[in-house]
Amino acid sequence: MRLRFLIVEGNSAEGRATYRIGYDKIASESFAATLRALAPDADCDIVFAADAGAAAPAALADYDGVFITGSALNLYDGGPEVERQIALARALFAAGTPFFGSCWGLQIACAAAGGRVFKNPRGREIGVARNIWLTEAGRRHPLLRGRPPAYDAVCSHLDIVELPEGGVALAANALAPVQAAEIAHDGGLFWGVQYHPEYEFAEVAAIIERRAGSLAREGLVESEDTALAVARDLRGLDVNRQAAWRLGLGDEVLTPQARALEIVNFIDARVRPLKSERGRA
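Note that the sequence shown ends on residue 283 in the numbering used here; no numbers are left out.
And the structure:
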């Protein structure tokens, strides 16, 4: 029997329109393409959870796994577009459906379980998150099976989380105290990361291009032109590896399967076994 996945798009309608200008897919469509490549036996539905009146095509308990994408929203800004997504995450915990989130997905799950999300006082992390290390819990956790003690990952985030009761930090680096986590709440279990294992390089390159002026004003790069040059290097990595040496990137970032290891582990260690236990295999 095929896997049935729900992908929760984290962006508002305005955010989706902006995303498509720089990239040929919105975040949920890109995530779906990654999932189909990793699990060819998967069918994917998409819900625009920020939108008024949005609803999943099926009951949450009918899905084998749910994935929450990144977003240009900031949780601490509040508003209905944020509150709808927190409510959905609470419903996922209550339904007991396995769910995974990257970046915004981790932040939403954290807030839904009583944790805190705030602007990182150390600033933005974008492009590639460097020297992420496994915590003691992370070294034993199936989400990070196959990761070395320290690794890099594709990323784009300004905000970070403070985990709620029931949350366990699995990985961290110098810029973010929680780079991967498990959150148990209300009978459900969430696995997630602050980085983006679902991304192609072209996707994060489009984000850097869109934010080039902001990155220069924040002092992350010398100028807008410097940001655009980094984006060109990253965009080229999807078709060749000529910029890999300049950027100091290893196979855990360059190889699509290795880059998406957390998603592979989530499907193999959480989704498929639970599907079997539910009698759906």
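Cβ atoms here follow ideal geometry from the backbone N, Cα and C, with glycine treated the same way.
Note the first and the last residue of the continuous alpha helix (DSSP H) segment covering residue i.
{"i": "A229", "result": "226-238"}
{"i": "K277", "result": "274-279"}
{"i": "R118", "result": "First-last for R118: 118-121, but that is the beta strand (DSSP E), not the alpha helix (DSSP H)."}
{"i": "Q244", "result": "Segment: none, Q244 is in no alpha helix (DSSP H) and carries neither H nor E."}
{"i": "V223", "result": "Counting along the chain, V223 falls outside any alpha helix (DSSP H), and DSSP gives it neither H nor E."}
{"i": "P258", "result": "258-261"}
{"i": "R124", "result": "Run containing R124: none; DSSP gives neither H nor E here."}
{"i": "A178", "result": "Segment: none, A178 is in no alpha helix (DSSP H) and carries neither H nor E."}
{"i": "E205", "result": "203-212"}
Run through DSSP, which three-state label would residue i get?
{"i": "N267", "result": "helix"}
{"i": "A74", "result": "coil"}
{"i": "G140", "result": "helix"}
{"i": "G194", "result": "strand"}
{"i": "A249", "result": "Per the sequence presented here, residue 249 reads as Leu, with Ala not at that position. L249 falls in the helix class under three-state DSSP."}
{"i": "V130", "result": "strand"}
{"i": "I162", "result": "strand"}
{"i": "Y21", "result": "helix"}
{"i": "D79", "result": "helix"}
{"i": "L5", "result": "strand"}
{"i": "E11", "result": "strand"}
{"i": "D66", "result": "coil"}
{"i": "A152", "result": "strand"}
Among the candidates the options, whose CA atom is the shortest distance from the CA of residue i?
{"i": "E167", "options": "C157, P179, D161, E184", "result": "E184"}
{"i": "G117", "options": "R149, L77, R126", "result": "L77"}
{"i": "L94", "options": "R234, D79, A115, G125", "result": "A115"}
{"i": "S32", "options": "F203, N133, Q244", "result": "F203"}
{"i": "W135", "options": "I128, V119, A171, R22", "result": "A171"}
{"i": "I269", "options": "L145, A207, R22", "result": "L145"}
{"i": "E121", "options": "P258, R86, A152, D161", "result": "The residue asked about is misnamed: residue 121 is Lys in this sequence, not Glu. Comparing Cα-Cα distances from K121 to each of P258, R86, A152, D161, the minimum goes to D161."}
{"i": "Y153", "options": "A260, I209, R92, A246", "result": "A260"}
{"i": "G98", "options": "F192, R141, G169, R6", "result": "F192"}
{"i": "D79", "options": "D64, A56, V119, P42", "result": "V119"}
{"i": "A29", "options": "P59, M3, F69", "result": "F69"}
{"i": "N205", "options": "S225, A233, L217", "result": "A small fix is needed here, since residue 205 is Glu in this sequence, not Asn. When each option's Cα is compared against that of E205, the closest is A233."}
{"i": "P123", "options": "R280, A271, G17, E220", "result": "E220"}
Less than 8 Å between the C-beta atoms of residue i and residue j, yes or no?
{"i": "V130", "j": "C157", "result": "yes"}
{"i": "V49", "j": "L108", "result": "no"}
{"i": "P199", "j": "I110", "result": "no"}
{"i": "A52", "j": "Q87", "result": "yes"}
{"i": "F102", "j": "G190", "result": "no"}
{"i": "A173", "j": "A182", "result": "yes"}
{"i": "A54", "j": "P100", "result": "no"}
{"i": "L239", "j": "L256", "result": "yes"}
{"i": "H187", "j": "C105", "result": "no"}
{"i": "C46", "j": "A56", "result": "no"}
{"i": "A178", "j": "E127", "result": "yes"}
{"i": "V10", "j": "L75", "result": "no"}
Along the chain, where does the beta strand (DSSP E) that runs through residue i open and close?
{"i": "I28", "result": "Premise fails: I28 is in no beta strand (DSSP E) and is neither H nor E."}
{"i": "G103", "result": "101-104"}
{"i": "G169", "result": "169-174"}
{"i": "A186", "result": "182-187"}
{"i": "A54", "result": "No beta strand (DSSP E) contains A54, which DSSP labels as neither H nor E."}
{"i": "V49", "result": "44-50"}
So residue i packs on residue j, CB below 8 Å; how close in whole Å?
{"i": "R248", "j": "D235", "result": "6 Å"}
{"i": "G12", "j": "G72", "result": "6 Å"}
{"i": "A229", "j": "I210", "result": "6 Å"}
{"i": "V273", "j": "L5", "result": "7 Å"}
{"i": "L263", "j": "R141", "result": "The pair is not a contact, with the Cβ atoms about 15 Å apart (cut-off 8 Å)."}
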